[in-house]
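J.: Please see the structure below; I have some questions.
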Amino acid sequence: LAAGAGLLVTGLISATKEAANAEFVQTKMAQALKQSAKATTEQVDELTKYAEALQFKVGIDDENIKNGIAMLATFKLTTAQIKTATPALIDMAAAYKKSTGEAVDLQQVAIMVGKATGGELYKNLQRVGVIFNETQLAMLENADAAERLRIVTEELGNEFGGQALAQAYTFSGKMTIMGLYFDEFKEKVGMAVINGLTPFVDTMMIWARSTEGQAKILEITTKIVDMITQMVNWATQVAIPWIQTHWPQI
Numbered sequence: 003l004a005a006g007a008g009l010l011v012t013g014l015i016s017a018t019k020e021a022a023n024a025e026f027v028q029t030k031m032a033q034a035l036k037q038s039a040k041a042t043t044e045q046v047d048e049l050t051k052y053a054e055a056l057q058f059k060v061g062i063d064d065e066n067i068k069n070g071i072a073m074l075a076t077f078k079l080t081t082a083q084i085k086t087a088t089p090a091l092i093d094m095a096a097a098y099k100k101s102t103g104e105a106v107d108l109q110q111v112a113i114m115v116g117k118a119t120g121g122e123l124y125k126n127l128q129r130v131g132v133i134f135n136e137t138q139l140a141m142l143e144n145a146d147a148a149e150r151l152r153i154v155t156e157e158l159g160n161e162f163g164g165q166a167l168a169q170a171y172t173f174s175g176k177m178t179i180m181g182l183y184f185d186e187f188k189e190k191v192g193m194a195v196i197n198g199l200t201p202f203v204d205t206m207m208i209w210a211r212s213t214e215g216q217a218k219i220l221e222i223t224t225k226i227v228d229m230i231t232q233m234v235n236w237a238t239q240v241a242i243p244w245i246q247t248h249w250p251q252i
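Numbering (this note's numbering), first residue to last: 3 to 252.
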């Protein structure tokens, strides 16, 4: 019974950590979309559902996808442009995935693609194997940000298109997707725990910020410091001298 209770507690702690991370990533993406891409609440919801559904098709968890979306938003792309570019990011990441199955950080891929919309920084993509022909290079030199994004995502599609979906149909990919369904379940359980604890945490935060709370915290901290000081003094004045005196006899 005790072992079962221990496993339950461990599972709830793990689920709560996953839910907290999911909440953090969702908040970061939503804020980036609203602040940089000027997205509406409806557009944020649309991209949220898009990322959460996409994970089960390509075998890349939605937090990784949302991190990539959040990074793309910082380059002042519209939500439509972000949605168009995201599959290209995922396919490129899948192409560079190691045989161990370790996922490539979509945020880093998004940085390279996002920078490519700003001028000659498209050359960063060339350094990792994305090859543009002479016509594309000439167009990139003179195009605006929107046109550069179109050219870049088009070329990523030419070179890496279908990689993520193809990998998702392998045995390894199917196992990864099964794991994502389990992770999603854990997140929902963890979110239920968070929602249950949030009123208590909010109350404690209000108390901690109050004059009474800060005075109590200071009192407790002072007592702890005094106790540690007494322990150190006892060690240096009593324990250590005793050991030094009796060490030869031990």
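Where is the CB? At the ideal position from N, CA and C, for every residue including glycine.
With a Cβ-Cβ cutoff of 8 Å, do LEU49 and THR81 count as a contact?
T.: As a position in the sequence shown, residue 49 is number 47, starting the count at 1. As a position in the sequence shown, residue 81 is number 79, starting the count at 1. Their beta carbons are under 8 Å apart, which means LEU49 touches THR81 by this criterion.
J.: Any idea if ILE92 is buried or exposed, counting beta-carbon neighbours within 10 angstroms, 16 or more meaning buried?
T.: The residue given as residue 92 occupies position 90 in the sequence shown. Buried: at least 16 other Cβ atoms inside 10 Å.
J.: Quick check: LEU2 and GLN109, are their CB atoms within less than 8 Å of each other?
T.: Summary: the structure shown does not reach residue 2, with the chain confined to residues 3 through 252, and so no result is reported for it.
J.: Quick test of your reading: LYS188 and ALA17, contact by CB under 8 Å. State the CB separation rounded to the nearest angstrom.
T.: As a working mapping, residue 188 is identified with position 186 in the sequence shown. As a working mapping, residue 17 is identified with position 15 in the sequence shown. Yes, LYS188 and ALA17 are in contact; Cβ-Cβ is about 4 Å, under 8 Å.
J.: How should THR119 be labelled, buried or exposed, when 16 other C-beta atoms within 10 angstroms of its C-beta is the threshold for buried?
T.: Taking the first residue of the sequence shown as position 1, residue 119 is located at position 117. Buried, because 16 or more other Cβ atoms sit within 10 Å of the Cβ of THR119.
J.: Tell me whether VAL130 sits in a helix, a strand or coil according to DSSP, three-state version.
T.: Taking the first residue of the sequence shown as position 1, residue 130 is located at position 128. Of the three classes helix, strand and coil, the one that applies to VAL130 here is coil, per DSSP.
J.: Is the beta carbon of ILE71 closer than 8 Å to that of MET31?
T.: Locating residue 31 in the sequence shown gives position 29, where the first residue counts as 1. Locating residue 71 in the sequence shown gives position 69, where the first residue counts as 1. Yes, the Cβ-Cβ distance between MET31 and ILE71 is below 8 Å.
J.: Quick one: Cα of LYS68 to Cα of MET206, how far?
T.: The sequence position of residue 68 within the sequence shown is 66, counting from 1. The sequence position of residue 206 within the sequence shown is 204, counting from 1. One C-alpha to the other measures close to 31 Å.
J.: Figure out for me which residue from LYS125, PHE202, THR178, LEU139 has the closest Cα to the Cα of GLU104.
T.: The sequence position of residue 104 within the sequence shown is 102, counting from 1. For GLU104, the nearest C-alpha among the options comes from THR178.
J.: Which full runs of the alpha helix (DSSP H) of 4+ residues lie inside the segment 48-82, going along the chain?
T.: Those alpha helix (DSSP H) runs which fall completely within the segment 48-82 and span 4+ residues are 64-75.
J.: Quick check: the Cα distance between THR247 and ASP107, rounded to an integer number of angstroms?
T.: On the sequence shown, position 245 is the one that residue 247 refers to. On the sequence shown, position 105 is the one that residue 107 refers to. Roughly 59 Å between the two C-alpha positions.
J.: So what does DSSP say about ALA147, is it helix, strand or coil?
T.: Within the sequence shown, numbered from 1, the residue matching residue 147 stands at position 145. Correct three-state label for ALA147: helix.
J.: Of all the options ARG211, PHE173, GLY159, LEU79, which has the alpha carbon lying nearest to the alpha carbon of ALA34?
T.: As a position in the sequence shown, residue 34 is number 32, starting the count at 1. When each option's Cα is compared against that of ALA34, the closest is LEU79.
J.: Hey, quick one: how far does the alpha helix (DSSP H) through GLY116 stretch, first residue to last?
T.: The residue given as residue 116 occupies position 114 in the sequence shown. GLY116 -> alpha helix (DSSP H) spans 108-118.
J.: Can you tell me which of the three DSSP states ASN135 falls into?
T.: What you label residue 135 is simply residue 133 of the sequence shown in a count that begins at 1. Coil, per DSSP.
J.: Ordered along the chain, which non-local residues of its own chain (more than five positions away) have a Cβ less than 6 Å from that of GLN138?
T.: In the sequence shown, counting from the first residue as 1, residue 138 sits at position 136. Cβ within range, chain order: ILE153.
J.: Under 8 Å, do ALA97 and PHE162 count as touching if we go by C-beta distance?
T.: Here residue 97 refers to the residue found at position 95 of the sequence shown. Here residue 162 refers to the residue found at position 160 of the sequence shown. Closer than 8 Å, so yes.
J.: Are the Cβ atoms of ALA90 and GLY175 separated by less than 8 Å?
T.: Residue 90 sits at position 88 when you count from the first residue of the sequence shown. Residue 175 sits at position 173 when you count from the first residue of the sequence shown. The answer is no: Cβ separation not under 8 Å.
J.: Between which two residues does the alpha helix (DSSP H) carrying SER174 extend?
T.: Numbered from its first residue, the sequence shown carries residue 174 at position 172. Its alpha helix (DSSP H) spans residues 173-211.
J.: CB-CB under 7 Å to ASN23, same chain, minus the five flanking residues each way: which ones, in chain order?
T.: Taking the first residue of the sequence shown as position 1, residue 23 is located at position 21. Closer than 7 Å at Cβ, skipping near neighbours: GLU65.
J.: LEU10: which of GLU156, VAL195, VAL227, GLN28 sits nearest, CA to CA?
T.: As a position in the sequence shown, residue 10 is number 8, starting the count at 1. Of the candidates GLU156, VAL195, VAL227, GLN28, the one whose C-alpha sits nearest the C-alpha of LEU10 is VAL195.
J.: Which first and last residues belong to the alpha helix (DSSP H) in which THR238 is found?
T.: One-based indexing of the sequence shown puts residue 238 at position 236. Element bounds for THR238: n/a, residue is neither H nor E.
J.: In chain order, what residues of the same chain have a beta carbon less than 6 Å from the beta carbon of ALA166, not counting five sequence neighbours either side?
T.: To locate residue 166, count along the sequence shown from 1; it is residue 164. VAL60, ILE92, ASP93, ALA96.
J.: Got a sec, what are the start and stop residues for the alpha helix (DSSP H) ALA39 sits in?
T.: Within the sequence shown, the letter at position 37 stands for residue 39. Where ALA39 is concerned, there is no enclosing alpha helix (DSSP H), given that its DSSP letter is neither H nor E.
J.: Are GLY192 and ALA21 closer than 8 Å when you measure CB to CB?
T.: Taking the sequence shown and counting its residues from 1, one reaches residue 192 at position 190. Taking the sequence shown and counting its residues from 1, one reaches residue 21 at position 19. Yes, Cβ-Cβ distance for GLY192 and ALA21 is below 8 Å.
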